[in-house]
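Protein chains in written order, with the working numbering: chain D, 18 to 274; chain V, 110 to 359.
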Ligand SMILES: Nc1ncnc2c1ncn2[C@@H]1O[C@H](COP(=O)(O)OP(=O)(O)O)[C@@H](O)[C@H]1O
Ligand SMILES: [Mg+2]
């Protein structure tokens, strides 16, 4: 189920607004996300993280570059088998929790019984039974993201993209969601590409942190994280890695003011 | 609600007092009790005799529902398509904006020429009155749907058809319902006026009022007007309930 993702020479610029030069956002990005691992992309706000994920998801097209899923080149946006969790919660407000989780399966044209069973499984596993009939506006931020995660995972995507999914949550809820995500991942071993500007979050979750430079973005440094999970944020190793990423980011923003 | 009823009663009282002064002769401005009596007469005897108020009301309602229904069936898909294509919008909006200010009543001569004096003409006129508000509100509803919702289903491989059905239509539903409400109101006003001018089939509230006028029954004219108002109020109330139910997610 979980697939690997390889990005090669990916560039993207946005066309010039009046009397300005085109904005080069991504410049020749290369990286690899092994199947079943969590890779984080850490970069400052506005450095092109959302753009990158939207291109991988097929919602926008790159200027150059190619993308491989399980070592096979993907061109068309259909059949990519990629899931994405958006920075702003994108649950459909007119659908209940249950109907939101079902939306990807409906579009997959799954048989009705299989669909119902799968949705039930997710509702139980995610502790959403009490909320199945509720609408998104009736849920807390954390619950909404849980529903968004369930909706994305339900059709069984090979690669899951997460665009700062927890950045709008308060500290405590974010902690809960991070360990919830790890629990889900430990069971399913999805391939996750997790984007964040929060260094601690990236170190807590991932097998690798890719630090990207601001505009145009390039992968500046790949930092492997080998600490066993669950990770202790107060440990020496954790803080040394945090220090290292902060230094890289500082160097990058000084080089590119 | 109670206060609204209070205002209503106060106006009736004022009207009654005004009638008592006899500034305007009774034949021109009947008092509320006289109108109420005429209303009961319309219910039981009818105008012309034998053609009772419920029959008139049902015929008028049937016409307005058929016309508005047709306008919904044509207007919502049109609005969805225009709303999701800026190119088609720029092509067709000028035509729509040209046709829209022509009052449906101005179409009566053509309607009668094309469809005769009966049901089809009435439905056509109501359709014209209801179609444009429904198209425009659907169109603006589609435009107001957050692109993020579209992306959130595109990521699952949704094609344009699924995007319309699963995102744009439900997302535009608040505006669509407002459009239908406005369209129904315009249709109702158009209909009664059309029934005045010649769309008739023995029944219809406008037709009933014209008969009462020909017989100098001002009290029945006003009772007929009250019936139009009451039914309009009822439709508005039912549409409100429907909207509340369909939009409970808001
Ligand atoms: N559709 C667009 N048109 C023009 N510029 C855009 C568009 N989307 C994003 N940008 C610009 O690209 C840069 C990167 O944006 P984004 O990918 O959202 O960054 P991040 O997610 O890292 O905060 C920003 O400067 C932003 O203003
Ligand atoms: Mg972003």
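By construction, the Cβ of each residue, glycine as well, lies at the ideal position given by its N, Cα and C atoms.
The structure displayed is predicted, hence computed values, not measured ones.
Between the C-alpha atoms of residue 244(V) and residue 260(V), what's the straight-line distance to the nearest angstrom? 24 Å
Hey, residue 61(D) and residue 266(D): beta-carbon distance below 9 Å or not? yes
Any idea what DSSP makes of residue 225(D), helix, strand or coil? strand
Where residue 170(V) sits in the DSSP three-state scheme: helix
For residue 56(D), does the three-state DSSP call read helix, strand or coil? strand
Under the DSSP definition of a beta bridge, which residues are partnered with residue 86(D)? 22(D), 89(D)
Report the neighbours of residue 124(D) on chain V: residues whose CB is nearer than 7 Å to its CB, in chain order. 262, 265, 266, 267, 271
For residue 211(V), which of helix, strand or coil comes out of DSSP? coil
Using the Cβ count rule (16 or more neighbours within 10 Å means buried), how would you classify residue 265(V)? buried
DSSP three-state assignment for residue 46(D), whether helix, strand or coil: strand
DSSP three-state call for residue 268(V): helix, strand or coil? Coil, per DSSP.
Sequence ranges, beta strand (DSSP E) only - wholly within the stretch 109-194 of chain D, length at least 3: 176-180
Determine, using beta-carbon pairs with one atom in the stretch 231-240 of chain V and one in the stretch 296-303 of chain V, whether at least three such pairs fall under 8 Å. yes
What's the gap between the Cα of residue 72(D) and the Cα of residue 79(D)? 6 Å
Out of 330(V), 207(V), 356(V), which one is the CA nearest neighbour of residue 137(V)? 330(V)
Contacts that residue 74(D) makes with chain V (C-beta to C-beta distance below 9 Å): 260, 263, 264
Kindly say whether residue 350(V), judged by its beta-carbon, lies nearer than 9 Å to any beta-carbon of chain D. no
Return yes when at least one heavy atom of ligand 3 lies under 8 Å from the C-beta of residue 215(D), else no. Inclusion of ligand 3 in the displayed structure is not the case, the ligand content consisting of ligand 1 and ligand 2 alone.
Judging by CA-CA distance, which residue of 270(V), 286(V), 234(V) is the nearest neighbour of residue 90(V)? Outside the shown range of chain V, which is 110 to 359, sits residue 90(V), and nothing can be said about it.
Quick one: give me the first and last residue of the alpha helix (DSSP H) that residue 142(V) is part of. In the DSSP assignment, residue 142(V) falls within the alpha helix (DSSP H) that extends over 141-153.
Interface residues of the stretch 179-201 of chain V facing chain D [CB-CB below 9 Å]: Legend: CB atoms of the stretch 179-201 of chain V lying less than 9 Å from CB atoms of chain D are not found in any residue.
Are the Cβ atoms of residue 191(V) and residue 262(V) separated by less than 9 Å? no
Please state the DSSP three-state secondary structure of residue 211(D). strand
Beta carbon of residue 137(D): closer than 8 Å to some heavy atom of ligand 2? Not under cutoff, so the answer is no.
Of the listed residues 115(V), 320(V), 116(V), 140(V), nearest to residue 127(V) (C-alpha basis): 140(V)
Run the CB neighbour count on residue 248(V), radius 10 Å, all protein chains shown included, and call it buried at 16 or more, exposed below. buried
Residues of the stretch 270-298 of chain V with Cβ closer than 8 Å to any Cβ of chain D, in chain order: 271, 275, 276, 279, 280, 282
If you measure beta-carbon to beta-carbon, which residues of the stretch 123-153 of chain D are closer than 9 Å to chain V? Per Cβ criterion, the list reads 123, 124, 125, 152, 153.
List, in chain order, every chain V residue whose beta-carbon is nearer than 9 Å to that of residue 100(D). 264, 265
Tell me which residue opens and which closes the alpha helix (DSSP H) that residue 352(V) is part of. 327-355
Under three-state DSSP, which class holds residue 132(V)? coil
Taking 9 Å as the cut-off, decide whether the C-beta atoms of residue 226(D) and residue 56(D) are in contact. yes
Return the CA-CA distance between residue 287(V) and residue 246(V), expressed in angstroms with no decimal places. 7 Å
With DSSP run on the structure shown, which of helix, strand or coil describes residue 236(D)? strand
Please determine if the stretch 163-180 of chain D and the stretch 203-213 of chain D are in contact, where contact requires at least 3 C-beta pairs separated by less than 8 Å. Yes, the stretch 163-180 of chain D is in contact with the stretch 203-213 of chain D.
Tell me whether residue 41(D) sits in a helix, a strand or coil according to DSSP, three-state version. Reduced to three states, the DSSP call for residue 41(D) is strand.
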